[in-house]
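Order-wise, the sequence lines are chains A and B. Heads up: take any position in the first sequence, counting from 1, add 7, and you land on this note's numbering. Heads up: take any position in the second sequence, counting from 1, add 7, and you land on this note's numbering.
Number of protein chains: 2
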Amino acid sequence: MTQLKAAVDGRVTTEMKRAAAAENVPAETVRAGIAEGVTVLPFNEKLDERVRAVAVGKGLRTKVNANIGSSRDHADVRLELCKARVAEEAGADALMDLSTGGDLHAIRRAILRETSLPVGTVPVYEVAARAEDEGREFEDASVDEMFDVVEEHARDGVSFMTLHAGVTRYAVERLKSQGRELDIVSRGGALMAGWMARREAENPFYEFFDRLVELALEYDFTFSLGDGLRPGCLADANDRAQITELLALAELAKRARERGAQVMLEGPGHVPLNAVAEHVRLQKAVGGGAPFYTLGPLVTDVAPGYDHITAAIGGAVAAAAGVDFLCYVTPAEHLSLPGPEDVRLGVIASRIAAHAGDVAKGVVGAADWDLEMSRARRSLDWKRQAELAVDPAEAARRRSENAPKVEAETCTMCSNMCAIKLSEKALAE
Amino acid sequence: MTQLKAAVDGRVTTEMKRAAAAENVPAETVRAGIAEGVTVLPFNEKLDERVRAVAVGKGLRTKVNANIGSSRDHADVRLELCKARVAEEAGADALMDLSTGGDLHAIRRAILRETSLPVGTVPVYEVAARAEDEGREFEDASVDEMFDVVEEHARDGVSFMTLHAGVTRYAVERLKSQGRELDIVSRGGALMAGWMARREAENPFYEFFDRLVELALEYDFTFSLGDGLRPGCLADANDRAQITELLALAELAKRARERGAQVMLEGPGHVPLNAVAEHVRLQKAVGGGAPFYTLGPLVTDVAPGYDHITAAIGGAVAAAAGVDFLCYVTPAEHLSLPGPEDVRLGVIASRIAAHAGDVAKGVVGAADWDLEMSRARRSLDWKRQAELAVDPAEAARRRSENAPKVEAETCTMCSNMCAIKLSEKALAE
Numbered sequence: 008m009t010q011l012k013a014a015v016d017g018r019v020t021t022e023m024k025r026a027a028a029a030e031n032v033p034a035e036t037v038r039a040g041i042a043e044g045v046t047v048l049p050f051n052e053k054l055d056e057r058v059r060a061v062a063v064g065k066g067l068r069t070k071v072n073a074n075i076g077s078s079r080d081h082a083d084v085r086l087e088l089c090k091a092r093v094a095e096e097a098g099a100d101a102l103m104d105l106s107t108g109g110d111l112h113a114i115r116r117a118i119l120r121e122t123s124l125p126v127g128t129v130p131v132y133e134v135a136a137r138a139e140d141e142g143r144e145f146e147d148a149s150v151d152e153m154f155d156v157v158e159e160h161a162r163d164g165v166s167f168m169t170l171h172a173g174v175t176r177y178a179v180e181r182l183k184s185q186g187r188e189l190d191i192v193s194r195g196g197a198l199m200a201g202w203m204a205r206r207e208a209e210n211p212f213y214e215f216f217d218r219l220v221e222l223a224l225e226y227d228f229t230f231s232l233g234d235g236l237r238p239g240c241l242a243d244a245n246d247r248a249q250i251t252e253l254l255a256l257a258e259l260a261k262r263a264r265e266r267g268a269q270v271m272l273e274g275p276g277h278v279p280l281n282a283v284a285e286h287v288r289l290q291k292a293v294g295g296g297a298p299f300y301t302l303g304p305l306v307t308d309v310a311p312g313y314d315h316i317t318a319a320i321g322g323a324v325a326a327a328a329g330v331d332f333l334c335y336v337t338p339a340e341h342l343s344l345p346g347p348e349d350v351r352l353g354v355i356a357s358r359i360a361a362h363a364g365d366v367a368k369g370v371v372g373a374a375d376w377d378l379e380m381s382r383a384r385r386s387l388d389w390k391r392q393a394e395l396a397v398d399p400a401e402a403a404r405r406r407s408e409n410a411p412k413v414e415a416e417t418c419t420m421c422s423n424m425c426a427i428k429l430s431e432k433a434l435a436e
Numbered sequence: 008m009t010q011l012k013a014a015v016d017g018r019v020t021t022e023m024k025r026a027a028a029a030e031n032v033p034a035e036t037v038r039a040g041i042a043e044g045v046t047v048l049p050f051n052e053k054l055d056e057r058v059r060a061v062a063v064g065k066g067l068r069t070k071v072n073a074n075i076g077s078s079r080d081h082a083d084v085r086l087e088l089c090k091a092r093v094a095e096e097a098g099a100d101a102l103m104d105l106s107t108g109g110d111l112h113a114i115r116r117a118i119l120r121e122t123s124l125p126v127g128t129v130p131v132y133e134v135a136a137r138a139e140d141e142g143r144e145f146e147d148a149s150v151d152e153m154f155d156v157v158e159e160h161a162r163d164g165v166s167f168m169t170l171h172a173g174v175t176r177y178a179v180e181r182l183k184s185q186g187r188e189l190d191i192v193s194r195g196g197a198l199m200a201g202w203m204a205r206r207e208a209e210n211p212f213y214e215f216f217d218r219l220v221e222l223a224l225e226y227d228f229t230f231s232l233g234d235g236l237r238p239g240c241l242a243d244a245n246d247r248a249q250i251t252e253l254l255a256l257a258e259l260a261k262r263a264r265e266r267g268a269q270v271m272l273e274g275p276g277h278v279p280l281n282a283v284a285e286h287v288r289l290q291k292a293v294g295g296g297a298p299f300y301t302l303g304p305l306v307t308d309v310a311p312g313y314d315h316i317t318a319a320i321g322g323a324v325a326a327a328a329g330v331d332f333l334c335y336v337t338p339a340e341h342l343s344l345p346g347p348e349d350v351r352l353g354v355i356a357s358r359i360a361a362h363a364g365d366v367a368k369g370v371v372g373a374a375d376w377d378l379e380m381s382r383a384r385r386s387l388d389w390k391r392q393a394e395l396a397v398d399p400a401e402a403a404r405r406r407s408e409n410a411p412k413v414e415a416e417t418c419t420m421c422s423n424m425c426a427i428k429l430s431e432k433a434l435a436e
């Protein structure tokens, strides 16, 4: 019995109740959304109450995911556990362990033990890393190896998995025939395309999608159908390959849902600002309203070192247009593996984007937070302003390191020319 | 002879040529835009070629202004000169000296000597600071004192001035009758409202607007008609007071333009993301297409310490919808006077927003920058990527501090699982 089957049967599960309580909505809202396929509750039947139940979807707060994970250059389980803690403390709603270096199994289990957030993975990274450890190529990996790794992740308690099932032979042909500036920038997408090309075979996650569905039903993990052909630069956005893959994913999503497995769809990537909202509407329309999980989108390619900001711009607009789940981007994007401070800044920037989107799309209660802050500003209550801030410690630090001397209740920006005080005086005249 | 009069007469001035050359557009584009009132070229007849000619308006690159200036808590001319240098190095197109503490005249002249950027000011701050230095209240300042300070700024070489001429008695009544969470959050707006209330008089910049126009014609500075009643929180956005003021400013803009003085209109402030583009279109429509200069807009109130990010979200959407000039917001906003590193981060965040907007609104050549970066990424040319970055030093620093050991041409994110390389291999199979 999966969350989706229960929802369709009209039953409210413990996890639905917990997820609803966490954001102060009726449990029935969560159940109805899951039943309709417009909400997912990434969980795993191996998990207990220690792990937060987080619902992602229509009418709910936009959630934020933080990608952590090792690489061959930095394969240190302690560093990844530190990043997991930092992400959770900064307010992330979920983690993805994208490790590609070191003992992937050990890192994944350590993260699952450490965090109370639902954890997602990209199993194909482990298939590739194992092949390399054994001196083989990824192209040598068998279909069974791929499914075995998916099942292993499910058994470990992974709540959602990115599976690049839409990188079909047909879609890759579309990419080649159109041509691109940056071809395939998804590691999973590029791995699958290479495997398919070498073997002259179809993508096994597409060809044997029902095997994936069986696993999803057994462990009740959620599909995050990955956009392996997402654009890697503005110039490639919204091309035929991207949309071809989206249409394939939308079909698979329907098949999975009909059998009782939860699905969200992943999205780009790099998209010009004027095309973000349109793309969200297209993805929602063809995906039957499936929860939409975006990476970025980054609205310019020229800001390495500041891609948390370019992603916040795109993410806010995307969330306002209906995106349900934002994958953060850190300042290290395009440059290096993120460290703990990058993780923190990435989560905060994404949370700002998510909240700006929530106010814009009218999530119930979202604007109350802004109103409370405004009232703390009006009363020059600096302690309360810091408490209400998206990052209370940073707001408090800045205030304490810049305490005003001229007039204690104002700040060093205006000193005795404080607009709040001038305004009160003017309107009282 | 002002820039506007010359433009209307069909004459292309030296400054128009310089401004056009700086962004690789025909000088005729700049001239025609100025003549039509949809472009301004903030300059001052006291200035020479040492100061950059910067055109702001339709079809041109969205420009970025950095606010610097002292307060009574931090009145140090060296700090302000440092901030002026940092802003220029980070790529600001203009500076505003908003000093309110120390010897304002000396600070302004020092900044004007130091920078090659056009400088804007808010003269009424100096009127208030002088009154206080002399133990008087701002309400004691005479109308002549106000105009004298405006002329002094013009004589010093200020290129654009914020004048809160739309804070009329009628508009303040609208604010009072509707009620607000945060009343007047503009210092200039609150000062004018206080002066008017005490004296039971009309706003002198409104009542005697023609005197301002005379000064603008004599020195050829540009009006930046200030929104003294801008909303200070999301809850106050787009209320009747704000729109009443906008309509008054639009009328004044037309009067100034008809006499040959250049005008831009200022805008909010704090605006929910879903209302940003609508507001830009309203302001452009009622303002007869006057260049629109926005502060932010900030799309949430809850992120003190990160308001450069909330402003980048709002600014990008505003620029995409037609805003011509973004006033940066720094991470210190709502907390303290910004320091040099805040200034740098504010300029970079605003430049990202401006560029994302330029790509979206189709400014000629804007997307070429992104394309060049994409090609440097494809060829794994890390040196070129840093050169092309919005902040080359930061991109280069991150790369050099995170050099990969596993595979020199990749980065530590992917090590030997680089999507660019995997994709090349896959598509070559």
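Just so you know, even glycine gets a beta-carbon here, dropped at the ideal spot from N, CA and C.
Need the endpoints of the beta strand (DSSP E) that residue i sits in, please.
i: Ser-231 of chain B; result: 229-232
i: Val-270 of chain A; result: 270-274
i: Ala-101 of chain B; result: 101-104
Secondary structure at residue i, three-state DSSP: helix, strand or coil?
i: Phe-145 of chain B; result: helix
i: Ile-75 of chain B; result: strand
i: Phe-215 of chain A; result: coil
i: Cys-240 of chain B; result: coil
i: Val-174 of chain A; result: coil
i: Tyr-482 of chain B; result: Since the first and last residues shown for chain B are 8 and 436, residue 482 of chain B lies out of range.
i: Cys-89 of chain A; result: helix
i: Phe-167 of chain B; result: strand
i: Gly-235 of chain B; result: coil
i: Phe-50 of chain B; result: coil
Throw me the rounded Cβ distance for the residue i and residue j pair, which I believe falls under 8 Å.
i: Lys-53 of chain B; j: Val-61 of chain B; result: So it is not a contact: roughly 16 Å between Cβ atoms.
i: Ala-161 of chain A; j: Tyr-213 of chain A; result: Not confirmed; about 19 Å, so no contact.
Spatial neighbours of residue i within its chain, please: CB distance less than 7 Å, with the 5 preceding and 5 following residues excluded, ordered by chain position.
i: Ala-13 of chain B; result: Thr-20
i: Thr-122 of chain A; result: Ala-91, Glu-95 and Leu-102
i: Ala-82 of chain B; result: Gly-108 and Gly-109
i: Ile-355 of chain B; result: Ala-97, Val-397 and Asp-398
Could you check whether residue j and residue i sit closer than 9 Å to each other, using their CB atoms as the reference points?
i: Leu-236 of chain A; j: Ser-184 of chain A; result: no
i: Ala-172 of chain B; j: Leu-259 of chain B; result: yes
i: Gly-353 of chain B; j: Ala-101 of chain B; result: no
i: Val-165 of chain B; j: Gly-127 of chain B; result: yes
i: Thr-229 of chain B; j: Met-153 of chain B; result: no
i: Pro-279 of chain A; j: Val-309 of chain A; result: no
i: Leu-344 of chain B; j: Asn-409 of chain A; result: yes
i: Ala-325 of chain A; j: Leu-198 of chain B; result: no
i: Asp-365 of chain A; j: Arg-68 of chain A; result: yes
i: Pro-347 of chain B; j: Val-84 of chain B; result: no
i: His-315 of chain B; j: Tyr-335 of chain B; result: yes
i: Phe-332 of chain A; j: Val-129 of chain A; result: no
i: Ser-430 of chain B; j: Leu-189 of chain A; result: yes
i: Thr-9 of chain B; j: Leu-224 of chain B; result: yes
i: Ala-282 of chain B; j: Ala-318 of chain B; result: no
Looking at the ligand ZN, does it come within less than 8 Å of residue i, judged from the CB to the closest heavy atom?
i: Arg-85 of chain B; result: This structure does not include the ligand ZN; it has no bound ligands of any sort.
Report all residues from its chain with a CB closer than 6 Å to the CB of residue i; omit the five preceding and five following residues, and keep chain order.
i: Arg-38 of chain B; result: Ala-14, Val-19 and Met-23
i: Val-330 of chain B; result: Val-287, Phe-299 and Thr-301
i: Leu-342 of chain B; result: Pro-311
i: Ala-263 of chain B; result: Val-220, Phe-230 and Val-270
i: Arg-137 of chain A; result: none
What residue range does the alpha helix (DSSP H) around residue i cover?
i: Tyr-132 of chain A; result: 130-140
i: Met-23 of chain B; result: 21-29
i: Cys-425 of chain A; result: Element bounds for Cys-425 of chain A: n/a, residue is neither H nor E.
i: Ala-292 of chain A; result: 280-293
i: Met-199 of chain B; result: 194-206
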